[in-house]
Amino acid sequence: MSDSRDADGSDDARASRDARDDERHDGEQAARLRRIDDAFTKAIPYNAWLGLQTVEAGAKGEGRIVLRLPFRAELVGNPVTGVLHGGPITAAMDAACGASVFLALREPLRIATLDLRIDYLRGATPGVDLFCRAECVRITKQVAFARGTTDQGDLDDPLAVVAATFMVFRDQGSVLAEGMKRS
Amino acid sequence: MSEFLTVLAEAKRVRDPSGIAHAVPYLRAMGIETHLEGDELVCTMRFSEPLIGNFAIRALHGGTLGALLESAAATTLLWRALLDAPSMDDLVIPRVVSVTVDYLRTGRAVDTHARAIVTSAGRRVARVRAEAWQDDRDRPVAAAQASFLAG
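Chains as they are written, first to last, in the working numbering: chain R, 322 to 504; chain X, 6 to 156.
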């Protein structure tokens, strides 16, 4: 807690300045989220085709992201039950895990998925959006490790869990570098 | 009988699985087709721009290869279940339990094919290995191991 006093010392003035700081902070957060969303989802054709949206990103270096995969009829794999195909879920989780690694890196390097395992705990409820949550758990010199879960809004009722590993190319910059350099 | 089951019954009658991919919304949207080569079912994912994951090196998104491999595994099992089922009422559509994908080479911006081998099929669980290739069948771009519930 700060001991410093505002110029006029009044609680009202301090409260209003705190509110302005909060607003500026919120504005910066929103701008950063927009830059991350532009780099990961809009600039990558297949992520854009899936309709992925970045809804949350960890602080710089934290390596954590949440992507929304909006439900749409084109992604259905079982026309009898209306349950989503596993493909778009795997692809969205690959994207989320990759993004979590990218956010954890100190500099924007090229990465590529080595392997990915997905366990489907239950079928996705038709008509409901999916949330793809991923976290980079470790980065070594050449390999990064990520974990993730997919749910439909209730964290306690995941429909898939994922473990993925990525190759990190220390000598190659990422194509996302331009859009991401300030994030 | 649902529209999809009608498509499956017709595919079985004419011994040609190519109608199946058209009846699955995701496969149709992805440009994934199914056809027989001898007794083997092959899935082909026609290249299109939305499948790109890295625009600098024009590489396929890894997720599209995972999706193709899972599709090959699932349709191979479904085709087998369809041929084995005495009637359409006996048919159980296999449900995927887990998939592990190994990315072996960069997927280039061309058509990609995949096939699957059923390595074990019990009464309840089936295990499948799938591989995807582009121009050269002996140089796979990705491979997968998947488990399905079939009962």
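All residues carry an ideal CB built from backbone N, CA and C; glycine is no exception.
Beta-carbon neighbours of residue 102/X, restricted to chain R and to distances below 8 Å: 440 and 441
Alpha carbon of residue 492/R to alpha carbon of residue 353/R, nearest angstrom: 26 Å
Euclidean distance between Cα positions of residue 150/X and residue 342/R: 52 Å
Nearest-angstrom beta carbon gap, residue 70/X and residue 117/X [assumed within contact, 8 Å]: 7 Å
Contact between the region 28-46 of chain X and the region 56-76 of chain X (3+ Cβ pairs under 8 Å): yes
Beta carbon of residue 400/R nearer than 9 Å to that of residue 19/X: no
Proximal residues to residue 483/R (C-beta, below 6 Å), its chain only, five neighbours per side dropped: 414, 439 and 469
Min CB distance residue 118/X to chain R below 9 Å: no
Test item: CB-CB of residue 68/X and residue 378/R under 9 Å: no
Classification of residue 338/R by the beta-carbon crowding that lies within 10 angstroms, buried from 16 upward: exposed
Chain-order list of residues whose beta-carbon lies under 8 Å from that of residue 397/R (same chain, five-residue window excluded): 403, 404, 405, 406 and 447
Bounding residues of the beta strand (DSSP E) (the contiguous stretch that carries residue 103/X): 100-108
Separation of residue 80/X from residue 119/X, as counted between CA atoms: 11 Å
CB contact flag (residue 430/R, residue 490/R, <9 Å): yes
Neighbour flag for residue 401/R against chain X, beta carbons, 9 Å: yes
Cross-chain neighbours of residue 394/R in chain X, by beta carbon under 8 Å: 30
Residues within the region 44-74 of chain X neighbouring chain R, beta-carbon criterion of under 7 Å: 54, 55, 56, 57, 58, 59, 60, 61, 66, 67, 68, 69, 71 and 72
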